[in-house]
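**Q**
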Amino acid sequence: MPSMPIKVLFLCTANSARSILFAATLNHLGQGRFEAHSAGSQPAGFVNPNALIELGRRGIPAEGARSKSWDEYAGSDAAAFDVVVTVCDSAANESCPVFYGNFVKAHWGLPDPASINGDPAIVEDAFRRTEDVIVTRLQALIGLPVEALSREALQQALVDIDARFPARPLEGNRA
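Under our numbering, the first residue of the sequence shown carries the number 60, and numbering increases by one thereafter.
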């Protein structure tokens with residue numbers, strides 16, 4: 060049974076857009092029931108400004124958001140997580156980081172909106188569409204009786220959420 064609050068780590072490679080969006084959104088929607096963090100295996104060192112713009116547009120606080128290495132969560136004194144979710148897009152042949160520990164693991168891949176460049180309206184649309192999927196998935200997670208689920212049931216529920224709310228391709232020029 061997960062701890063309270065339920066601690067969730069969102070991982071991707073650069074930790075500049077998708078994992079930042081997931082963590083900020085879950086912290087906002089989860090209203091203290093969830094504590095979300097994000098990290099990357101090869102952090103970019105900055106948060107994509109378009110991610111911050113999208114969060115702001117939706118009224119989701121992003122104070123303290125920063126691109127950071129998963130090493131911050133790997134030491135013996137690091138926080139223990141109940142759930143770790145990778146968010147890289149395996150369909151785009153991105154390599155997702157592998158993180159070891161005693162937690163429920165899930166993969167919720169999404170195309171990277173930070174890879175879209177060119178027309179600002181197309182970039183904005185890519186971030187909006189990505190956040191739409193994130194919000195939908197996280198609302199499904201929040202609706203689960205996570206505290207009462209076994210590890211196996213939670214694992215299956217996370218797989219089901221990914222299947223019910225699939226990623227949509229993003230339009231535009233790829234970086």
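Even glycine gets a Cβ: it sits at the ideal position worked out from N, Cα and C.
Quick caveat, the model's predicted, so the values are computed rather than measured.
Name the residue from 88, 209, 93 whose alpha carbon lies nearest to the alpha carbon of residue 68.
**A** Minimum Cα distance to residue 68 is reached at 93.
**Q** Name the residue from 169, 139, 190, 83 whose alpha carbon lies nearest to the alpha carbon of residue 63.
**A** 139
**Q** Hey, out of 104, 123, 187, whose CA is closest to residue 230's CA?
**A** 187
**Q** Enumerate in chain order the residues of its own chain whose CB-to-CB distance from residue 106 is below 7 Å, with the five nearest sequence positions on each side excluded.
**A** 75, 79, 124, 125, 126
**Q** With distances taken from CA atoms, which of 168, 135, 228, 162 is nearest residue 146?
**A** Comparing Cα positions, the closest option is 168.
**Q** So, with DSSP's three-state summary, where would you put residue 165?
**A** strand
**Q** So for residue 246, helix, strand or coil by DSSP?
**A** No answer is possible for residue 246: it lies beyond the span of the chain, which begins at 60 and ends at 234.
**Q** Could you pull the start and end residues of the beta strand (DSSP E) that residue 99 belongs to?
**A** 93-99
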